[in-house]
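In terms of the working numbering, the sequence shown opens at residue 46 and continues consecutively. Backbone N, C-alpha and C fix where the C-beta goes; we use that ideal spot for every residue, glycine too. Shown next, in structure tokens, is the structure this report addresses.
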Amino acid sequence: MKKFNLFALLMAGMFTFVACDKDDTENLSKDEAQQQITNAEQDLVAKSEEIVATDGYKIQEYFATQISSPFYSKSIVSKSVVPSNFQKAYELTRKSLLQVNPEIEFYFDNFIIGFFDEVKGTWTWKSPVWIRETTPTDKVIVKFPYPANNTTNNVTITYSDFTSTLVYGENIPTGIKVKIEYNNTQVFTLAYSATVTNMMKYSLKVDVTFGPFAFSNEESFDASVNNKVLYSKNDTFKKDGKLFYSEVANLTMTFINDQSADILITAKQVIGNLEFRLKIDGNDNELETGNPNDFASLSVYTTGGDKVGDFVFVEEEGYWVLYFKFTNGEQVKAETLMPLVSERFYSFIDDLFSNLYVK
46 MKKFNLFALL
56 MAGMFTFVAC
66 DKDDTENLSK
76 DEAQQQITNA
86 EQDLVAKSEE
96 IVATDGYKIQ
106 EYFATQISSP
116 FYSKSIVSKS
126 VVPSNFQKAY
136 ELTRKSLLQV
146 NPEIEFYFDN
156 FIIGFFDEVK
166 GTWTWKSPVW
176 IRETTPTDKV
186 IVKFPYPANN
196 TTNNVTITYS
206 DFTSTLVYGE
216 NIPTGIKVKI
226 EYNNTQVFTL
236 AYSATVTNMM
246 KYSLKVDVTF
256 GPFAFSNEES
266 FDASVNNKVL
276 YSKNDTFKKD
286 GKLFYSEVAN
296 LTMTFINDQS
306 ADILITAKQV
316 IGNLEFRLKI
326 DGNDNELETG
336 NPNDFASLSV
346 YTTGGDKVGD
356 FVFVEEEGYW
366 VLYFKFTNGE
376 QVKAETLMPL
386 VSERFYSFID
396 DLFSNLYVK
């Protein structure tokens, strides 16, 4: 367990942090640092509460988790044709949906359907079954009540502008647009586009709007070169056009053999007034058995360049625990000082446990 916790904790940073060459200006005192962290956490909590309160967010979550969808899920990856090492890397990098905290989740996969032609028409909920009409012939329309006890189908989801390409005999979506209307008012939109050379090389973009919020995710994946995986992502989250959250990450994974890989990760995460920076450079065997402080650099700055402090790992009862180190040298557990950010670390570890070692 010690190996797993160390490696997974480090890998979690690939979606959370990036090295930056910006010159430092000054070191903040402990009190100044604590105030900056408090401001960022409070802003993140406030934004999170606003996000989950919007009709668009609530309905996309309800459709994914509460209602019996007329569609079924299909994996975008055919495991039978993808080498195991690349499959593991692919599944790892697919964790691309922004979760500001573990209670926020977007279900974009519910809207990016690869079997569009099979389900075109109008699907209307008439309890306890879906009724399908074959029109229109160029869209998919889904109508259902929200909340569940509503007496009319007051939600309409429209899927349109679908495009796809054939890869390894599978129909892979390369474009789709989605809008959700609630009581005849548009509350959510999604636009997805992708360029897929094959399952070893692709890029994609997702743009989402709901209420005052706009989220954009761009990522690329390239495993077309022997024994190497290149991955990058760029996420932005805005409210009323103003950026309040962003993530940039770049990963290079070079496989030495079936049991070993060299890993280089650089990442940056901006939360309000704070900028988190990470660089990891080492072999995965070292990451599993060595001291993470030897090959992982994690620091926090203000967006203006003032240094807030560093992250360090401390071994406690066989586990590596993340601490925050102020510029005066004083250390405190990260989960105590910044619980929201720490929750994202540990929730991501849970994701990695089911994906890092996929065969």
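Exposed unless 16 or more other CB atoms sit within 10 angstroms - verdict on residue i
i	result
Tyr102	buried
Gln80	exposed
Lys188	buried
Arg177	exposed
Ser209	buried
Thr347	buried
Lys313	buried
Ala91	exposed
Residues of its chain near residue i, where Cβ-Cβ distance is below 6 Å and the 5 sequence neighbours each way are ignored
i	result
Lys370	Gly354, Asp355, Val357, Gln376
Pro384	none
Lys119	Unreliable positioning characterises Lys119 in this predicted model, as indicated by a pLDDT of 37, which lies under 50. A coordinate reading is not provided.
Asn295	Ser277, Thr311
Val359	Val366, Tyr368
Ser205	Lys184, Lys222
From the options, residue whose alpha carbon lies closest to that of residue i
i	options	result
Pro173	Glu163, Ala193, Asn155	Ala193
Ile217	Asn198, Phe161, Phe260	Phe161
Gln231	Ser93, Ala91, Asp329, Ile104	Ile104
Residue i vs residue j beta-carbon contact at 9 Å
i	j	result
Phe153	Tyr247	no
Ile310	Ile325	yes
Ala85	Asn373	no
Val253	Glu226	no
Ala341	Gly327	yes
Ala239	Gly220	yes
Phe151	Phe260	yes
Lys224	Thr203	yes
Endpoints, the beta strand (DSSP E) within which residue i is located
i	result
Gly317	Element bounds for Gly317: n/a, residue is neither H nor E.
Glu264	258-267
Gln343	Reading off the sequence shown, one finds Leu at residue 343, where the question assumed Gln. From DSSP, the beta strand (DSSP E) with Leu343 extends over 341-347.
Ala379	Run containing Ala379: none in the beta strand (DSSP E); it sits in the alpha helix (DSSP H), 379-382.
Phe207	200-212
Tyr276	273-284
Gly335	Run containing Gly335: none; DSSP gives neither H nor E here.
Glu226	215-227
Gly354	352-361
Leu296	287-302
Ile186	185-189
Near the ligand GTP: residue i beta-carbon under 8 Å from a heavy atom
i	result
Asp100	Only the bare structure without any ligand can be found here, which leaves the ligand GTP out of the picture.
N-terminal and C-terminal residue of the alpha helix (DSSP H) that residue i is part of
i	result
Phe233	No alpha helix (DSSP H) holds Phe233; the beta strand (DSSP E) holding it covers 230-243.
Thr110	100-110
Phe161	161-164
Neighbourhood of residue i by C-beta distance below 8 Å, restricted to the same chain and skipping five residues each side
i	result
Ser123	Only weak support exists for where Ser123 lies, its pLDDT of 33 falling under 50; the coordinates are left without a value.
Thr182	Lys165, Gly166
Neighbourhood of residue i by C-beta distance below 7 Å, restricted to the same chain and skipping five residues each side
i	result
Asn272	Thr299, Phe300
Asp66	Because Asp66 sits at a pLDDT of 47, beneath the cut-off of 50, its placement in the model cannot be relied upon, and the following sentence gives the value as read from the coordinates. Around Asp66: no qualifying Cβ.
Lys75	Phe371, Asn373, Glu375
Asn279	Glu263, Val293
Val315	Tyr290, Ser291, Thr348
Phe116	Ile158, Val164
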